[in-house]
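Heads up, the sequence shown is in UniProt numbering, so the first residue is 1 and it goes up one at a time. Every residue gets a Cβ at the ideal spot worked out from N, C-alpha and C, and that includes glycine. All values derive from a computational prediction rather than experimental measurement.
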Amino acid sequence: ARAKEQPPPKKQQQPPGVCLVATGPGSVALTVPQAKLVDHRRGRTATEVFDGFSAVLPPDSSQNDIFTQVMNPLVDEFLGGKSGLLVAMGPTGSGKTHTVFGTARNPGLVPLTLQKIFTAADESEGGNQSPRLFYLSMFEILCEGKGERILDLLSDAAELVLQQSATIKGLKEVAISSAMDAESLVSRGMLKRSTAATDANSESSRSQCIITIRAVHKTVDQKSEHPTSGSVLTIADLAGAERKKNTGNKGSRLLESNFINNTSMVFGLCLRALLDHQKNQKKTLEKHFKNSMLTRYLKDYLEGRKKMTLILNVKPGEDDYADTSYLLRQASPYMKIRVHQP
Ligand SMILES: Nc1ncnc2c1ncn2[C@@H]1O[C@H](COP(=O)(O)OP(=O)(O)OP(=O)(O)O)[C@@H](O)[C@H]1O
Numbered sequence: 001a002r003a004k005e006q007p008p009p010k011k012q013q014q015p016p017g018v019c020l021v022a023t024g025p026g027s028v029a030l031t032v033p034q035a036k037l038v039d040h041r042r043g044r045t046a047t048e049v050f051d052g053f054s055a056v057l058p059p060d061s062s063q064n065d066i067f068t069q070v071m072n073p074l075v076d077e078f079l080g081g082k083s084g085l086l087v088a089m090g091p092t093g094s095g096k097t098h099t100v101f102g103t104a105r106n107p108g109l110v111p112l113t114l115q116k117i118f119t120a121a122d123e124s125e126g127g128n129q130s131p132r133l134f135y136l137s138m139f140e141i142l143c144e145g146k147g148e149r150i151l152d153l154l155s156d157a158a159e160l161v162l163q164q165s166a167t168i169k170g171l172k173e174v175a176i177s178s179a180m181d182a183e184s185l186v187s188r189g190m191l192k193r194s195t196a197a198t199d200a201n202s203e204s205s206r207s208q209c210i211i212t213i214r215a216v217h218k219t220v221d222q223k224s225e226h227p228t229s230g231s232v233l234t235i236a237d238l239a240g241a242e243r244k245k246n247t248g249n250k251g252s253r254l255l256e257s258n259f260i261n262n263t264s265m266v267f268g269l270c271l272r273a274l275l276d277h278q279k280n281q282k283k284t285l286e287k288h289f290k291n292s293m294l295t296r297y298l299k300d301y302l303e304g305r306k307k308m309t310l311i312l313n314v315k316p317g318e319d320d321y322a323d324t325s326y327l328l329r330q331a332s333p334y335m336k337i338r339v340h341q342p
């Protein structure tokens, strides 16, 4: 991403009340609202261009458009035996949960992914590829007091522990045999996911929700009930970072909001550290990932060993300038990170 101050692009002037516009297939321009400029700068415009995105999707994009452009390449790699991660990031109420899960009438990335996986499995049946088994897990990381806790969304297991190896002890993996079965499993998990209303988004998710789909070749691990091998596709719906004055949070809700903001800050620091390390290999890779449970779990991705895709969900209104600017800055190292996957 490149950020520099320049006049707004001529062809696409900012519509009133909007601070973010697409300026090309992989770039956006963010303009500081006049009300936020210090007195002597009023009347001028301060616009930053962020580029290097693989796609900029307008608000009227369909769920299928997003799947095709963003998720499909990861699913193809997963079916080809490589692990991958999709993370939806953005402020509260920006549409992350809608994008990742969608609704029954308008399915999002998870159901569309499951449909694609099972269509591909049906098509490959009878071919020379060995048949595969798929397993699904679904859990959330939430704030408890001043700490973090993992909750299994597919079972009532009480104690889940994130181990040093970044695996979760006690997490249930359910064998899935059709997209329909898997989707109803995910819907049940969603009902269990803790959501609590905040002033900013009445359906706000106060937790990080993670789904993993594991593909195992039947012949490889047929006898094991809980195979641990195979490629894994991970999809993470992060809780939206939020500015305190927007949300009216108090007490335990404020602690939750600090946890969410901390997780997203640590995520951003991990991206920055990885890029710094890739630019200068002599610089040791800072272990920021240790500072939140989600980043500990995603360590392999945040240390550049596996491929990840980020979706940045943004609200383009002037009122959302601070959140949008924070997100774009936080994620901007990502576009320059290179992954050398074995
Ligand atoms: N593209 C869209 N089309 C229709 N409705 C949408 C779209 N994007 C978001 N919404 C609606 O906007 C509201 C907020 O979206 P959503 O809950 O997905 O945000 P979020 O980013 O996940 O927020 P949080 O981090 O607080 O959970 C929801 O009611 C959702 O249904």
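Beta-carbon contacts of residue i that lie in its chain and below 8 Å, excluding the five residues immediately before and after
{"i": "Glu-318", "result": "Gly-17, Val-18, Cys-19, Pro-33 and Ala-35"}
{"i": "Ile-337", "result": "Leu-271, Leu-274, Leu-275, Gln-278 and Gly-304"}
{"i": "Asn-72", "result": "Lys-116"}
{"i": "Gln-63", "result": "Thr-99, Gly-102, Asn-106, Pro-107, Gly-108, Leu-109 and Leu-112"}
{"i": "Phe-289", "result": "Val-266, Cys-270, Thr-295, Arg-296, Leu-298, Lys-299, Leu-302 and Glu-303"}
{"i": "Pro-59", "result": "Pro-316"}
{"i": "Ser-187", "result": "none"}
{"i": "Ser-178", "result": "Phe-118"}
Distance between residue j and residue i (C-alpha atoms, nearest Å)
{"i": "Leu-79", "j": "Lys-172", "result": "22 Å"}
{"i": "Ala-182", "j": "Ile-117", "result": "11 Å"}
{"i": "Thr-284", "j": "Gln-330", "result": "20 Å"}
{"i": "Lys-169", "j": "Ile-150", "result": "10 Å"}
{"i": "Ala-239", "j": "Pro-91", "result": "8 Å"}
{"i": "Ile-176", "j": "Ala-29", "result": "43 Å"}
{"i": "Asp-76", "j": "Val-110", "result": "14 Å"}
{"i": "Lys-299", "j": "Asn-262", "result": "16 Å"}
{"i": "residue 354", "j": "Arg-193", "result": "There is simply no residue 354 to check, as the chain begins at 1 and stops at 342 in what is shown."}
{"i": "Ala-236", "j": "Cys-143", "result": "16 Å"}
{"i": "Pro-7", "j": "Pro-15", "result": "Residue placement at Pro-7 cannot be trusted, given a pLDDT of 44 that sits under 50; the coordinates are not used to answer."}
{"i": "Pro-316", "j": "Thr-212", "result": "31 Å"}
{"i": "Thr-23", "j": "Phe-50", "result": "9 Å"}
{"i": "Met-138", "j": "Pro-131", "result": "24 Å"}
{"i": "Ile-210", "j": "Lys-282", "result": "34 Å"}
{"i": "Val-56", "j": "Met-180", "result": "31 Å"}
{"i": "Glu-148", "j": "Asn-291", "result": "11 Å"}
{"i": "Val-339", "j": "Leu-191", "result": "35 Å"}
{"i": "Glu-48", "j": "Asp-156", "result": "48 Å"}
{"i": "residue 343", "j": "Ala-158", "result": "This structure does not reach residue 343, given that the chain is present from 1 up to 342, and the question cannot be answered."}
DSSP-derived helix/strand/coil call for residue i
{"i": "Cys-143", "result": "strand"}
{"i": "Gln-164", "result": "coil"}
{"i": "Phe-134", "result": "strand"}
{"i": "Glu-173", "result": "coil"}
{"i": "Met-335", "result": "helix"}
{"i": "Gln-281", "result": "coil"}
{"i": "Phe-50", "result": "strand"}
{"i": "Lys-209", "result": "Here the sequence assigns Cys to residue 209, which means Lys is not the residue at that position. Here Cys-209 sits in strand by DSSP."}
{"i": "Lys-307", "result": "strand"}
{"i": "Val-100", "result": "helix"}
{"i": "Arg-329", "result": "helix"}
{"i": "Arg-272", "result": "helix"}
{"i": "Val-216", "result": "strand"}
{"i": "Ser-124", "result": "helix"}
{"i": "Val-32", "result": "coil"}
{"i": "Leu-185", "result": "helix"}
{"i": "Val-314", "result": "coil"}
{"i": "Pro-111", "result": "helix"}
{"i": "Ser-292", "result": "coil"}
Close Cβ partners of residue i (< 6 Å) along its chain, the five nearest in sequence each way excluded
{"i": "Phe-53", "result": "Gly-26"}
{"i": "Ser-83", "result": "Ser-231, Val-232 and Lys-306"}
{"i": "Arg-214", "result": "Tyr-135, Gly-230 and Val-232"}
{"i": "Tyr-326", "result": "none"}
{"i": "Ala-120", "result": "Leu-79"}
{"i": "Pro-333", "result": "Leu-271, Arg-272 and Leu-275"}
{"i": "Gly-95", "result": "Asn-313"}
Contacts around residue i, its chain only, beta-carbon distance under 7 Å, and the 5 residues preceding and following it disregarded
{"i": "Val-174", "result": "Tyr-135, Leu-136, Leu-154 and Leu-185"}
{"i": "Leu-162", "result": "Ile-150, Ile-168, Met-293, Arg-296 and Tyr-297"}
{"i": "Asp-65", "result": "Leu-57"}
{"i": "Leu-310", "result": "Val-87, Met-89, Ala-331 and Tyr-334"}
{"i": "Leu-133", "result": "Ala-175, Val-216 and Lys-218"}
{"i": "Glu-286", "result": "Ala-273"}
Residue i Cβ short of 6 Å to ligand 3 heavy atom set
{"i": "His-277", "result": "Among the ligands present in this structure, namely ligand 1, ligand 3 is not found."}
Whole runs of the beta strand (DSSP E) within the segment 53-85, excluding any shorter than 3 residues: For the segment 53-85, not a single whole beta strand (DSSP E) run of length 3 or above is found.
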